[in-house]
Structures are given as structure tokens and as C-alpha cells.
Amino acid sequence: MSQDPPSGLPATESGLFDPAKYQMCDSVGYLLQRAKNTLAHTVEQEVSSLDITHAQASCLIMIATGRAATVTDLGRELNTDMGSVTRLLSRMEKRGLIERQRRDADRRVVDLLLTEQGQALADRLPAIFCKVLSQHFSGFSADEVQLLKSMLRRVIDNYSG
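One point on numbering: in full-length UniProt numbering, the residue at position 134 of the sequence shown is 134, and numbering is uninterrupted.
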């Protein structure tokens with residue numbers, strides 16, 4: 001069954017997502033979630049040899065690349081509540097992977113810094129993430145991966161909340 005909108009109309013105007021025809025297991029949202037969970041599970045297995053979790057690995061990468069410089073940034077990137085982020089960071093800090101520093105100019109802002117040990121782990125993670133992606137995207141062409149990334153960015157950009 002094709003899910004392309006008729007006549008090139010946007011999905012919202014084409015009836016592409018018809019409640020009368022909705023089947024959860026064929027839903028884009030369901031499939032995206034399953035794909036995300038499968039990738040996360042595989043990463044979890046791969047990073048366990050480093051004695052870290054998938055969530056900790058993601059945090060290390062985000063901090064190392066500058067994607068998340070503060071606790072607030074990290075909460076937004078992980079799309080999770082600040083309590084969960086704080087607990088995650090506390091575990092990472094106890095392990096000596098990160099340091100949290102309050103800004104002098106605004107004590108409410110907490111900057112995140114990798115320790116030497118945290119940076120050493122972060123340096124190993126791109127190879128692990130690429131191994132997992134290569135496994136899950138076996139048989140895909142470079143153009144197909146680029147198209148998927150482009151479409152996912154559009155989905156994210158369409159979210160205005």
C-alpha cells in the first residue's frame with residue numbers, strides 16, 4: 001500500500017493519514033520508535049564493554065562535540081526532564097567522566113565539562129556509533145541514507161511546539 005500523498009499535496013491535505021485506515025504496526029510513528037529502540041539497544045550492547053550506558057555515551061558525545069554545553073542543553077537534546085538529567089549526570093560525575101561548574105555570572109547555569117577520562121571515552125564512541133549504523137543500514141545506498149536524514153529533519157522542523 002503506497003503512502004504517498006495523491007497529487008503531491010501535503011500530507012495534512014491529502015488524507016494520507018486516515019484514521020479509518022490506521023494500523024499501528026504500519027504507522028510511521030510506530031516504525032520510527034521501533035527503529036530508534038533497535039539502534040539504542042545495539043548501542044547499549046556495544047558500549048557495555050566500556051562500562052557505560054547508551055544514555056551516558058550520548059551525553060559524552062553531545063558534550064564533546066559542543067552540542068550540549070549546559071545541563072539545560074542536555075535536557076533539551078535528550079528530550080527528558082531535568083530530574084532524570086541530573087541523576088544521569090550525578091552518576092557520570094561519580095565515575096569521573098564529567099564535571100559540573102556553575103557560571104560566576106549566572107549561578108543558575110551549570111556548564112558541563114569532560115574530564116580526561118570522559119574525553120578518552122568520548123573519543124572512542126564515534127567508531128562504535130558508526131559500527132552500529134553500518135550494521136543497521138546494511139544494503140542502503142549513501143543517497144538513501146541522505147534522503148532519510150533529510151526527511152527526518154523535515155519531520156523535526158515541522159514540530160513547532
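Built from N, CA and C at the ideal position, the CB exists for glycine as well.
If you draw a straight line from the alpha carbon of residue i to that of residue j, how long is it in whole angstroms?
i	j	result
E77	A55	11 angstroms
L121	P19	46 angstroms
T53	D104	32 angstroms
L31	L16	16 angstroms
A69	I61	11 angstroms
M92	I156	29 angstroms
M82	D111	14 angstroms
F137	R87	33 angstroms
D51	K21	45 angstroms
M24	Q33	12 angstroms
K94	V85	14 angstroms
N79	Y159	13 angstroms
Answer yes or no: do residue i and residue j have a C-beta to C-beta separation smaller than 8 angstroms?
i	j	result
G74	C59	Just to set this straight, residue 74 is Leu in the shown sequence, not Gly. The answer is yes: Cβ separation under 8 angstroms.
L89	V109	no
V47	A57	yes
T115	G96	yes
T42	Q146	no
So residue i is in the beta strand (DSSP E); what residue range does that whole segment cover?
i	result
V109	That residue, V109, is in no beta strand (DSSP E); it is neither H nor E in DSSP.
R67	Premise fails: R67 is in no beta strand (DSSP E) and is neither H nor E.
R100	98–102
Would you call residue i buried or exposed, if buried means 16 or more other Cβ atoms sit within 10 Å of its Cβ?
i	result
I98	buried
G118	buried
L113	exposed
I63	buried
S2	Only weak support exists for where S2 lies, its pLDDT of 44 falling under 50; the value from the coordinates is given anyway. Result: exposed.
If you follow the alpha helix (DSSP H) that residue i is in, where does it begin and where does it stop?
i	result
I128	116–136
L88	82–94
A40	28–47
L147	142–158
For the ligand FAD, is there any heavy atom lying closer than 7 angstroms to the beta carbon of residue i?
i	result
G118	Of the ligands one can find in the structure shown there are none, so the ligand FAD has no counterpart to examine.
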